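Numbering (this note's numbering), first residue to last: 38 to 205. Please read the structure below before turning to the comments.
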């Protein structure tokens, strides 16, 4: 049985989400979106909104794993704290839904997608478009980042299975 992964690029303003599975040995995008929260709301209401929307997606698609980026601290500490809070809400949801967790650093995703740890966002996005079939609709950066995370998480799962001798 193939695993499906919900990959989440955490944020409090925009949260990229992708459901990724493997079909005939290739990554397939089952669903993707970018969740937004109301900028007029207080932070706790924004987190609740993201949580509820993700809960609906998880119940609909029933992934076995949740992949999330590790926190990257930027210069803006206020933003980093808000993203950390969003990440905490997402991890809580993963725990309550008993999803297996895959945490990957932004650098690991860049290496997996491009072979270079300091690749630009544009280079990663180009490789995503070359790796998986995307719907023709325009995707926000956060959504494409979630797809890259999902593809990398699938590769990670496959490597873990190979190590345990259960993959072909």
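We put the CB at the ideal spot given by N, CA and C, even for glycine. Remember, predicted model here, so these are calculated numbers, not experimental data.
Just so you know, the alpha carbons of residue 180 and residue 66 end up roughly 11 Å apart.
Under the rule that a run must span 3 or more residues, the beta strand (DSSP E) segments found entirely inside the region 78–114 read 102–106. No residue range can be given for residue 202, since it is assigned to no beta strand (DSSP E) and is classified by DSSP as neither H nor E.
Judged by DSSP secondary structure, residue 64 falls outside any alpha helix (DSSP H) and instead within the beta strand (DSSP E) spanning 63–73. Note that the region 67–78 does not touch the region 137–147; fewer than 3 beta-carbon pairs, one per stretch, sit closer than 8 Å. When C-beta atoms of the region 78–88 are compared with those of the region 43–58, three or more pairs fall below 8 Å, so the two segments count as touching. For residue 168, the enclosing alpha helix (DSSP H) stretches over residues 158–168. Counting of Cβ neighbours within 10 angstroms places residue 55 among the buried residues, the total reaching 16 or more.
Taking all protein chains in view, the Cβ of residue 61 is surrounded by fewer than 16 other Cβ atoms within 10 Å, so the residue is classified as exposed. Excluding residues up to 5 positions away in sequence, 42, 57, 59, 64 lie with their Cβ nearer than 7 Å to the Cβ of residue 191 in the same chain. When C-beta atoms of the region 162–177 are compared with those of the region 119–128, fewer than three pairs fall below 8 Å, so the two segments do not count as touching. CA-to-CA, the gap between residue 92 and residue 193 works out to about 24 Å. The Cβ-Cβ distance between residue 177 and residue 141 does not fall below 8 Å.
Residue 174 sits in coil when the DSSP states are folded into three classes, being neither helix nor strand.
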